[in-house]
Amino acid sequence: MTFPFLWLPLIVKNEVIRSLGHKECIILVLASKRAAETVRMARIKTPSPLIDISATDSIQLWHGKVVLFLNQEGKPLVKEAQIIKSEELKKWTNQSSNSVLENLGRVYNEIKNIFRFEEQFNLLFSSDYKKVTTVKEVLSDPTMKNWGDFYFDGETIDPEELKMIMDMASPERSFFSYAKECPIDFRHENAFKFRYSQFKDARWVKIEDLYKFTNGQDVSLLRNNFTKTQIKEFISYWVNSEIDMFRRVVIKKMEAFDLNEIADGLTLLHIEGWRPRFTKATSSKQRQKTLLYLHNSEKLLILSAWVPGTFAGDNGEPEYDRIVNNKQGVIELLIEKKQLDMEWESADRENKQRISNRLRQLDDEIEDYGVYFVDGEATLSDPIDD
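Position 192 of the sequence shown, counting from 1, maps to 210 under my numbering, and the rest follow consecutively.
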């Protein structure tokens, strides 16, 4: 007996459709016009798809729910049961056309009418993309211009390709370049105007470029030409800047150094058992993200800035984040203590007495926060062990 799906009340049909997987919805749309209209009316909300430009072109509906292959060479990326092969999509494609791009656009437009995507689609240029198309051809297509995240996985990226991508930069888009080689003399005014950008080869980036950050950038610069001295000077500039320069910057270390070598002179708070350090930006009415985070690992240096009380680290420890947000006030006391210690050295007798009284008060307040000193470094007890 066939289940009388199309005879069900609209509300019930919508609930049935929303309980289906992505593949089942697409198959239902392909089955009949009436079923297609019913599925489209349900407007199922789903994460953004990934359009893969490669010799095995596909559209992947996050997160691996279904993969639509647009040619016969496609090898399964997921279980066979989750794949809709190209021959099943003949209703949507131009069978007389050899244009991969045309059929990608056709299939994307069809699924866009089925699902309600949370964001724009994401675009991936796999390492073998040149076998089927070019960056220029793809980005010149009206359908392909509305990407949200752009992933470039080719071995090299030439200046024209990089320029075309950066011409489309905006705070709503992200760019991930995994190219092993980028043009060393490349320059572009939009290079850091993405919401997030990552460059596997960042040797074209000059340290002076970082000083120009003003838009809350989130940038990862891996292979680069920055020296320890340059990084130290940049950190000092960042701490004392009059404006919020960036949200996060990740720099691959091209030479070994300890944090105290590049943060010399800064007042840092260390949390017991954890590598990161915290400090506060120099007072400025224009800065909101005054809580500064410095994480120096074996290979990477991570710098980030936070509005006080909003810190959320990458370690997945809510208790750690809570302690940082509750205890960060001690950093201002530590900065004041350091300043008064220096003033005491040159103060006259009367001022020394005043400073000494304040220092004793500060010591008590700092101790109340649970901070103790190890080799002169302010250390907060590990919140996870408490």
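Glycine included, C-beta positions come from ideal geometry on N, C-alpha and C.
query	result
A396 - partner residues in DSSP beta bridges	L287, F391
Inter-residue spacing [alpha-carbon to alpha-carbon] between Q90 and R295	Interpretation of Q90 is limited by its pLDDT of 47, a score under 50 that renders its predicted location unreliable; no figure is taken from the coordinates.
Three-way DSSP call (helix, strand, coil) for T300 in this model	coil
CB contact flag (F193, W222, <8 Å)	no
Start-to-end residues for the beta strand (DSSP E) that takes in L107	Neither: L107 is in no beta strand (DSSP E) and is coded neither H nor E.
Pairwise C-alpha distance: F170 and S76	15 Å
Spatially closest choice to F252 from M162, I269, L240, A365, by CA coordinates	I269
Of the residues K198, K109, D185, the one placed nearest T174, counting alpha carbons only	K198
Neighbour-count burial assignment, P67, 16 or more Cβ in a 10 Å radius	buried
Whole-number beta carbon distance between I71 and L180, since they are thought to touch under 8 Å	No, L180 and I71 are not in contact; Cβ-Cβ is about 16 Å, not under 8 Å.
Complete alpha helix (DSSP H) runs within the region 189-235 (minimum length 4 residues, chain order)	225-229
Three-state secondary structure assigned by DSSP to Q138	coil
For F252, the three-state DSSP class (helix, strand or coil)	helix
Secondary structure, alpha helix (DSSP H): runs of 4+ residues fully inside the region 142-195	153-158, 177-185
Three CB pairs or more closer than 8 Å across the region 120-135 and the region 49-67	yes
K242 - DSSP class collapsed to helix/strand/coil	What sits at residue 242 in the sequence shown is Asn, not Lys. In this structure, N242 counts as coil in the three-state DSSP scheme.
Beta bridge counterpart(s) of W324 as assigned by DSSP	L309
C-alpha distance - E335 paired with D219, whole-angstrom precision	31 Å
Buried versus exposed call for E105 [16 or more other C-beta atoms within 10 Å across all chains shown]	exposed
L309 and W292 closer than 8 Å at C-beta	no
Residue burial classification, A281 (beta-carbon count within 10 angstroms, cutoff 16)	buried
Any 3 or more C-beta pairs closer than 8 Å across the region 362-380 and the region 316-330	no
Distance CB(G283)-CB(D262) smaller than 8 Å	no
Pairwise C-alpha distance: E383 and S301	21 Å
R265: first and last residue of the uninterrupted beta strand (DSSP E) it sits in	264-270
Cβ separation of L46 and V57, assumed to be a contact under 8 Å, to the nearest whole Å	5 Å
N-terminal and C-terminal residue of the alpha helix (DSSP H) that P336 is part of	336-345
For I71, the residue or residues it bridges with in DSSP	F143
Per-residue burial, Y387 [other beta carbons within 10 Å of its own, 16 or more giving buried]	buried
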